[in-house]
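Engineer:
Chains as they are written, first to last, in our numbering: chain R, 21 to 375; chain Z, 718 to 976.
(1) Under 7 Å between C-beta atoms, does residue 790 of chain Z make it to chain R?
(2) Would you verify that the beta carbon of residue 924 of chain Z is, or is not, closer than 7 Å to some beta carbon of chain R?
(3) Any C-beta of chain Z sitting closer than 7 Å to the C-beta of residue 231 of chain R?
(4) For residue 375 of chain R, I'd like the list of residues in its chain whose CB is within less than 6 Å of its CB, leaving aside the five on either flank, ordered along the chain.
(5) Does the CB of residue 750 of chain Z have a neighbour CB from chain R at under 7 Å?
(6) Going along the chain, which unbroken runs of the beta strand (DSSP E) with 3 or more residues stay wholly within the stretch 49-107 of chain R?
(7) Spell out a yes or no on whether the stretch 350-359 of chain R and the stretch 323-334 of chain R are touching, meaning 3 or more CB-CB pairs, one atom from each, closer than 8 Å.
(8) I think residue 203 of chain R touches residue 23 of chain R, with their Cβ atoms under 8 Å apart; what is that distance to the nearest whole Å?
(9) Check each candidate in Z:730, Z:733, Z:912 and Z:957 and name the one with the smallest Cα separation from residue 966 of chain Z.
(10) Which residues in the same chain have their Cβ closer than 7 Å to the Cβ of residue 271 of chain R, if we skip the five residues on either side of it in sequence?
(11) Work out the CA separation of residue 268 of chain R and residue 48 of chain R for me, nearest whole Å.
(12) Using a Cβ-Cβ cut-off of 7 Å, state whether residue 120 of chain R counts as contacting chain Z.
(13) Would you say residue 50 of chain R and residue 101 of chain R are within 7 Å of each other, going by their C-beta atoms?
(14) Across the stretch 188-206 of chain R and the stretch 762-769 of chain Z, are there enough close Cβ pairs to call them in contact, namely three or more that are closer than 8 Å?
(15) Residue range of the beta strand (DSSP E) that residue 818 of chain Z falls in?
(16) State the DSSP-derived secondary structure class of residue 298 of chain R, mapped to helix, strand or coil.
(17) Evaluate residue 860 of chain Z with the Cβ neighbour count: other Cβ atoms within 10 Å of its Cβ, from every protein chain shown; 16 or more gives buried, anything less gives exposed.
(18) How is residue 236 of chain R classed by DSSP in three states: helix, strand or coil?
(19) Closer than 6 Å by C-beta to residue 376 of chain R: which residues in its own chain qualify, once you throw out the five before and the five after it? Chain order, please.
(20) Which whole-angstrom value describes the C-beta separation of residue 974 of chain Z and residue 932 of chain Z, a residue pair presumed to lie in contact below a C-beta threshold of 8 Å?
(21) By a C-beta neighbour count over all protein chains shown, 10 Å radius and 16 as the cutoff for buried, is residue 206 of chain R buried or exposed?
(22) Taking only runs of the alpha helix (DSSP H) that begin and end inside the stretch 829-858 of chain Z, which ones reach a length of at least 4 residues, in chain order?
(23) Would the beta-carbon of residue 152 of chain R fall within 7 Å of that of residue 119 of chain R?
(24) For residue 754 of chain Z, report the span of its alpha helix (DSSP H) as first-last.
(25) Taking only beta-carbon positions, decide if residue 185 of chain R is within less than 7 Å of chain Z.
(26) When the cut-off is 7 Å and only beta carbons count, does residue 72 of chain R lie next to chain Z?
(27) Rounded to a whole number of angstroms, what is the C-alpha to C-alpha distance between residue 883 of chain Z and residue 219 of chain R?
(28) Can you tell me whether DSSP reads residue 21 of chain R as helix, strand or coil?
(29) Can the beta-carbon of residue 260 of chain R be found less than 7 Å from the beta-carbon of residue 305 of chain R?
(30) Out of curiosity, what's the CA-to-CA distance linking residue 38 of chain R and residue 71 of chain R?
(31) In three-state terms, what does DSSP make of residue 379 of chain R?
(32) How far does the beta strand (DSSP E) with residue 324 of chain R in it extend, from its first residue to its last?
(33) May I ask you to list, following chain order, the residues of the stretch 823-849 of chain Z that have a beta carbon less than 9 Å from some beta carbon of chain R?
(34) Rounding to the nearest angstrom, what Cα-Cα distance links residue 279 of chain R and residue 869 of chain Z in this structure?
(35) Please return the same chain residues whose Cβ sits closer than 7 Å to the Cβ of residue 229 of chain R, not counting the five positions on each side in sequence.
(36) If you draw a straight line from the C-alpha of residue 27 of chain R to the C-alpha of residue 166 of chain R, how long is it?
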């Protein structure tokens with residue numbers, strides 16, 4: 021029987037984490053995602069599944085607890101919001117360099133600086149282009165509903181262990197705070213069933229010691245390591261995920277993820293009601309990015325518009341994919357304000373050739 | 718007596734623990750790190766806990782500690798070893814987890830992680846090697862650099878009025894409820910080496926019995942950074958470091974030692 025609940029996105033992430041059999045959560049409070057740790061501590065996951073929940077003294081500490089814990093090969097995660105994720109970047113770079121699987125959740129708020137606690141999608145660059153120092157990428161999933169907040173937890177761990185790479189759920193204050201019906205995933209056993217050959221357990225006789233490190237003082241080794249990472253990031257294209265809405269006969273394409281995609285879904289309806297053939301491409305993975313699909317769509321449509329709650333970040337990747345074939349525009353509210361479906365419609369009509 | 722009569726097992730007075738690898742130590746000749754590594758690995762061997770021991774290497778001279786110790790290790794970002802140790806220990810409560818950190822790592826950039834791991838009473842062991850200087854980066858001033866002591870970033874000597882005075886983080890964390898065993902040791906002479914080894918054994922026994930956090934400071938030399946011969950550095954350490962960082966137990970069985 022389906023197990024339905026009415027929940028906030030943040031609570032759905034937390035409940036899904038317990039049900040995914042997560043072993044450890046390390047976090048630090050920050051608006052608008054504090055419900056994640058509040059929900060977890062209230063649920064006593066140490067009794068439900070044996071999951072450990074620990075409030076750290078800072079985001080710097082929580083990401084490094086995650087780094088240590090990820091080396092055990094267990095399922096571990098943290099969550100935060102933009103300024104906290106900025107603090108974590110050093111640790112995230114180490115985790116990526118050491119090739120450890122784990123989950124980081126960013127419920128984005130507006131910036132730069134302390135900015136605002138209202139929703140934003142201005143952390144796209146930080147999330148998809150590395151974020152910290154060095155050549156690396158995270159696997160980035162972009163939920164557009166409370167349901168996907170729940171579903172992407174398990175998916176994130178599956179991909180993180182498949183590639184031995186940290187995964188990031190890039191949400192925002194809108195999806196995190198809004199309540200929706202959600203079908204809860206089944207409870208998994210808290211048993212890590214993945215390859216344990218690389219994890220630190222204590223050195224057992226008959227095997228070499230396992231070392232978790234991102235350090236290669238020998239440039240030849242670091243060169244090999246960087247090439248290996250590059251090949252891994254390239255191979256992630258096989259797991260690209262996106263949703264296409266009304267794209268078959270579309271003459272103009274909106275590209276939007278997360279909360280903006282929800283808004284654009286309505287815009288598509290409004291535009292179709294006015295007889296305009298508009299479609300929506302919604303990336304569910306932002307890294308890997310649906311470059312090939314957008315390039316394919318560029319042959320069919322007259323123009324595209326990236327719609328995001330930022331002054332223009334994902335639009336750069338859309339432009340790279342389109343490679344000059346058709347005009348690519350950007351529209352988006354900033355500063356924690358949220359565009360309405362009508363706002364997007366008007367912006368599109370200004371750009372839409374023949375609009 | 719001929720050589721072949723001497724080299725018999727019953728005449729063995731010392732052997733190198735197999736838990737030290739064959740890798741050539743990257744430390745300067747005369748440095749205390751090698752001795753401290755050996756003592757920790759000897760205790761791990763003697764307790765038979767190699768299969769359950771996980772070490773955390775820091776950033777600093779001992780960044781490559783995992784090359785020399787034949788145990789599973791994780792390398793940490795600068796200052797964050799106690800946070801890594803916390804994450805590992807919470808998931809593997811029955812494993813032995815230790816950090817190995819220098820003064821810049823533990824008492825400057827990692828102060829927050831150090832104090833909070835101690836305050837939570839994480840059931841881990843922290844080895845703190847204090848030589849009053851940043852060795853790896855070329856001898857800059859550390860939080861533990863003595864008043865008046867010269868370093869590459871205090872070339873005229875540390876001026877406490879403008880640079881802050883050196884501080885005793887070991888005495889600070891001893892006052893936190895989470896710490897169970899806190900001691901200060903050295904390894905510059907055979908007598909202190911034996912005492913230091915006993916302290917390491919106590920620290921791992923405390924962890925075995927899940928009594929709380931154990932913390933051992935080793936006041937050590939940095940002959941290269943101090944620009945002295947190894948022998949000069951040890952004499953200088955006794956005359957200058959030990960009066961400010963006095964040897965001995967600071968907290969035993971969870972109680973502060975009366976001084």
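We put the beta carbon where it would ideally sit given N, CA and C, even for glycine.
Structural biologist: Looking at the coordinates:
(1) yes
(2) no
(3) yes
(4) Confidence at residue 375 of chain R is low in this model, with a pLDDT of 46, below 50, so the placement of that residue is unreliable and no value is reported for it.
(5) no
(6) 72-75 and 96-100
(7) yes
(8) 7 Å
(9) Z:912
(10) 297, 321 and 322
(11) 45 Å
(12) no
(13) yes
(14) no
(15) 813-819
(16) strand
(17) buried
(18) coil
(19) What is shown of chain R runs 21 to 375, which leaves residue 376 of chain R out entirely.
(20) At roughly 13 Å, the Cβ-Cβ gap does not stay under 8 Å, so residue 974 of chain Z and residue 932 of chain Z are not in contact.
(21) exposed
(22) none
(23) no
(24) 750-764
(25) no
(26) yes
(27) 39 Å
(28) coil
(29) yes
(30) 7 Å
(31) Absent from the structure is residue 379 of chain R, since the part of chain R shown begins at 21 and ends at 375.
(32) 323-327
(33) 829, 830, 832, 833, 834, 836 and 837
(34) 53 Å
(35) 223
(36) 8 Å
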